[in-house]
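Residue 45 in this note's numbering sits at position 44 of the sequence shown; the count goes up by one each step and never skips.
In this text, a Cβ means the ideal position worked out from N, Cα and C, and glycines have one as well.
Bear in mind the structure is a predicted one, so any value in this text is a computation, not a measurement.
Reviewing the structure listed below.
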Amino acid sequence: MSWGGDDRGPEQPGDDRTPLDTRPMKLLQGYVWHPRELAVDLADYLPRTLEPDVHVLWDPMPAAPFTFFDDGTLAATQQVYQFTVMRFVPPEDDPAALLPWLAETLQAALERSPEGVGWQVMTDLRELG
2 MSWGGDDRGP EQPGDDRTPL DTRPMKLLQG YVWHPRELAV DLADYLPRTL
52 EPDVHVLWDP MPAAPFTFFD DGTLAATQQV YQFTVMRFVP PEDDPAALLP
102 WLAETLQAAL ERSPEGVGWQ VMTDLRELG
């Protein structure tokens with residue numbers, strides 16, 4: 002296994018390097034939103050990391066990439082977040098194998114969020130970088 006420039010492995014204290022033979026892969030992609038007047042900290046409901054080496058990311062968007070939601074709600078009334086789940090995948094792993102568990106885990110987390118929080122998340126198996 003190759004590491005970032007030398008033979009030291011990640012077991013050394015403070016060393017968070019990722020093995021060079023892993024592939025950064027996007028697993029899920031979508032949006033999470035809530036009314037602008039609703040004070041919601043998504044970190045209260047969503048994990049930032051899951052094992053094995055899964056990263057759950059969300060970033061507030063200045064504006065939604067659409068004007069209306071399916072139910073007719075004006076997108077400008079909502080705080081919309083870009084939502085991405087990615088993992089550094091070892092060569093021997095199938096990135097799709099985690100999808101059923103991930104979907105179930107994140108669905109349960111999102112269902113615990115306050116009323117008014119919505120989401121649309123889809124499979125998006127693509128290598129990043």
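Could you work out which residue in V118, R127, M123 and L129 is closest to L39 when comparing CA atoms only? V118
Is it the case that the Cβ atoms of W59 and Q83 are separated by a distance below 8 Å? With a cutoff of 8 Å on beta-carbon distance, W59 and Q83 are scored as near each other.
Per-residue DSSP class, three states only, for Q121: strand
Please classify R88 as buried or exposed, where buried requires at least 16 other C-beta atoms within 10 Å of its C-beta. buried
Would you please state the rounded distance, in angstroms, between the beta carbons of Y46 and R127? I believe it to be under 8 Å. Wrong, their Cβ atoms sit about 26 Å apart, outside the cutoff.
Does the structure place the segment 101-116 close enough to the segment 66-75 that three or more beta carbon pairs sit under 8 Å? no
What span of residues does the beta strand (DSSP E) with P36 cover, start to end? R24 to P36
I'd like the list of long-range same chain contacts for V86, defined as Cβ closer than 6 Å, with 5 residues on each side in sequence excluded. L28, L29 and V57
Cβ distance (whole Å) where L51 is taken to contact T106 below 8 Å: 7 Å
Hey, does Q79 have any beta-carbon neighbour from chain B nearer than 8 Å? Among the chains in the structure shown there is no chain B, since it carries only a single protein chain.
Taking a contact to mean a Cβ-Cβ separation below 8 Å, would you say W102 touches Y32 in this structure? no
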